[in-house]
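Structure first, commentary second.
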Amino acid sequence: MAKLPLIFTVNGTEQAEFVDGDALLVDVLRDKLGMTGTRVGCGQGTCGACTILIDGAPALSCLTLAVSANGKDVTTVEGLAMGGTLHALQTAFADGFATQCGFCTSGMLVAAKALLDRNPDPDRDAVVDAISGNICRCTGYEPIINAILAAAADLRSAKSA
Amino acid sequence: MALDIVRADSVGQAASMLAGDDGARFLAGGTFLVRAMTAGDVSIRKVVLSDGLGLDRIALGDTIEIGSAVTMAQVQAEPGLGFLHPVAESIGGPAVRSMATVGGNLFARSPYGDFAVALLALGASVVSEGADSEASQDLEAFLSEGPKRGRIVRAVRFAAPAEGAFRYRKITRKHPHGASVLSIAALLPVSGGKVSGARVAYGAMAPRPMRAKAVEAALEGTPLDAAAIAAAAAAAAEGTAPEDDPQASAWYRRAVLPVHLGRLLSGEES
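Top line first, the protein sequences correspond to chains A and B. Okay, so the first sequence: first residue is 1 according to the numbering used here, each after it adds one. Okay, so the second sequence: first residue is 1001 according to the numbering used here, each after it adds one.
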């Protein structure tokens, strides 16, 4: 079967690929574009490890056909840092011991970015809701929630400074 | 595995692409369909994409119409659908909500399909389109008869509920969101101090969302007092056929249903 064209933006750079009809977006990101930050956990939409942003909204790249991303603007965890400067969320995760084995971290960071882009001053319940589709088996979630709240505070103070 | 991807110019054309092909499916959010493909469902050979067909619109008014490709996130973002916000918010995490659609939810099996449970309580009808005709069918009939090949769900339509008449609660083991142990939606319009036109629906108490007709009968014409709530709770499990799954056993679902129904009816906080 003929391959299909896929032209989309990933972390601000336009990408063009030919993909199979059944290719998953996560596999194109990892295997064709070499962006292995996005993880494949359950492959069923349960664990959230493959969370990316499509046109700014969180989405599960393991349940998205690659062709569905045609013309869309995709952000992966690789798009968070600016050059050598980590995003406030990444710094807060590192400082707050919010990552242990690290497998869920990419999805957690992207899910948290989706929240903070929309709501710069979330309360704890909003943070819990934002990561409610992301499973972590190491941390017990508390350090992650605290790190997201800390990052939100950092971003707000950076903005007002 | 080869998968053919096709786009249609109209819903009617998409319907005709599906009509003659057993291997063809209409793709909405993908949270069920792509998962089935990944899990090894090789019967899916062609996917008709739903984007660009205008199925993602919401029309408010005395009659509310929600397009089948409207996502849970769109429902959450629509102030005019405030009574449905707790329902949309109870489904998946934010990523699932920005993908999962109202139309797709009608095809969910237990323990999923909580939005369809709410629509069943609201008395919704399902508007579908075939190659050359549009039809409207009661959601209850749609759920019991199953979807018809060659027809695409365009929208769901229902009368806007009176302020405060709609109630919903979902019981999960994982908090704040998870698959249902069970869910309950109720439309309890009150006229002259008495319940008039009660509709109650369950999720995960049968393979598909179901109406609790014995509960409706127990509530009809009552002032929704303690005696009525007790009678409804006593009739709660009538007609249910829950399944054993990782969320709960069928036994457990039947055992806790009257408790949660009682709490919903008495207006107790979740």
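The beta-carbon is built from N, C-alpha and C at its ideal position, and this holds for glycine as well. As the structure is a prediction and not an experimental result, all values here were calculated from the model.
Listed along chain A are Ala-57, Pro-58 and Ala-59, each with a C-beta nearer than 7 Å to that of Ser-1098 (chain B). Under the DSSP assignment, Ala-16 (chain A) falls in the beta strand (DSSP E) whose first and last residues are 13-19.
Assignment of alpha helix (DSSP H) within the segment 78-156 of chain A, counting only whole runs of 4 or more residues, yields 88-95, 105-118 and 124-130 in chain order. The Cβ atoms of Ile-1152 (chain B) and Ala-1014 (chain B) lie closer than 7 Å to each other. If you check the CB distance, Leu-1027 (chain B) and Ser-1050 (chain B) come in under 7 Å. Contact of Ile-1005 (chain B) with chain A is assigned, a C-beta pair being separated by under 7 Å. Nearest to Lys-3 (chain A) by alpha-carbon distance, out of A:Lys-72, A:Thr-13 and A:Phe-18, is A:Phe-18.
Interface criterion met: the Cβ of Asp-22 (chain A) is under 7 Å from a Cβ in chain B. Phe-1115 (chain B) is bridged by DSSP to nothing; it lacks a bridge partner. Under the 7 Å criterion on CB atoms, Gly-1193 (chain B) is classed as non-interfacial with respect to chain A. Pro-58 (chain A) has A:Leu-53 as its beta-bridge partners, per DSSP. Residues of the same chain with a CB within less than 8 Å of the CB of Ala-1118 (chain B), apart from the 5 flanking positions on each side, are Leu-1084, Val-1087, Phe-1166, Tyr-1168, Ala-1185 and Ala-1201 in chain order.
The beta-carbon of Thr-1240 (chain B) is placed no less than 7 Å from the nearest beta-carbon of chain A.
Contact fails between the segment 23-36 of chain A and the segment 1074-1084 of chain B, because fewer than three Cβ pairs, one in each stretch, are under 8 Å apart. Thr-9 (chain A): member of the beta strand (DSSP E) spanning 4-10, first to last residue. C-alpha of Ile-1058 (chain B) to C-alpha of Ser-1266 (chain B): approximately 32 Å in a straight line. In this structure, the straight-line span from the alpha carbon of Val-1034 (chain B) to that of Ala-1135 (chain B) is close to 28 Å. The C-beta of Val-1034 (chain B) comes closer than 7 Å to at least one C-beta of chain A.
Contact annotation for Gly-43 (chain A) against chain B: Thr-1038 [CB-CB distance below 7 Å, chain order]. Using a 10 angstroms sphere on the CB of Glu-1129 (chain B), the tally of other CB atoms reaches 16 or more, which defines it as buried.
If you check each beta-carbon in the segment 119-136 of chain A against every beta-carbon of chain B, the ones closer than 7 Å belong to Val-128, Asp-129, Ala-130, Ser-132, Gly-133 and Asn-134. A distance below 7 Å between beta-carbons, with the five flanking residues on each side excluded, links Pro-1242 (chain B) to the following residues of its chain, in chain order: Ala-1204, Met-1205, Ala-1206, Ala-1250, Arg-1253 and Arg-1254. Straight through space, the alpha carbons of Gly-1193 (chain B) and Asp-1138 (chain B) are spaced by roughly 29 Å.
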